[in-house]
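Structure first, commentary second.
Residue numbers (our numbering): 7 to 185.
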């Protein structure tokens, strides 16, 4: 899991290059449109469209999404993604869901070398990652919660955040380019 949707205004769909001539997109990355109108991950200086709600990958992925802790003893169970897509959630439709316009999202797709602060503006950096506002990019949103362990919410197991889904940065999305 790379994106946790806390609130969203618009969820729209855009085509993706079905030949995968693009680089891998992981949900939570910043998305832009290429010259053909296909969604691709945003780089520094590109016009951000929003955040990816799906993953596009045909390398290194399996049909298994991961392990989930299911009880206090630490037992885990493997979850399954749709077996037919092999890690590419856009395979059936040829489209990717992109959150645009606004909302509040927690993502693990950010520059981990930055010391993030609440109220800090973030831009789209290289490879679709959120980065500090260096004045060279186009603003994507504002940090509303600094990176922290995101609790799994597993009943009876997750005691005050003891079982984490990973470290997530929470932003208020504000892409002015929403269509």
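Ideal Cβ placement from N, Cα and C applies to all residues, glycine included.
Asked, Found
"Those residues which DSSP pairs with residue 145 across a bridge", "129"
"CB of residue 1 within 8 Å of CB of residue 19, strictly", "Absent from the structure is residue 1, since the part of the chain shown begins at 7 and ends at 185."
"Residue 117 and residue 137 closer than 8 Å at C-beta", "yes"
"Selected residue, minimal CA-CA separation from residue 151, among 32, 31, 121", "121"
"Same chain only: Cβ atoms within 6 Å of residue 176, ignoring 5 sequence neighbours per side", "112, 150, 151"
"Residues that residue 11 bridges to, as DSSP identifies them", "111"
"Contacts around residue 132, its chain only, beta-carbon distance under 8 Å, and the 5 residues preceding and following it disregarded", "49, 50"
"Three-way DSSP call (helix, strand, coil) for residue 80 in this model", "coil"
"Nearest-angstrom beta carbon gap, residue 38 and residue 53 [assumed within contact, 8 Å]", "6 Å"
"Residues sharing a beta bridge with residue 137, DSSP", "129"
"Boundaries of the beta strand (DSSP E) in which residue 100 is found, first to last residue", "Unbroken run through residue 100: none, as it is neither H nor E."
"Residue 63 in three-state terms, based on DSSP", "coil"
"Rounded straight-line distance, which links the Cα of residue 14 to that of residue 22", "22 Å"
"Close beta carbons around residue 108, own chain, < 7 Å, minus the five adjacent residues each side", "15, 179, 180"
"Cβ-based burial, residue 129 [other Cβ within 10 Å; buried from 16]", "buried"
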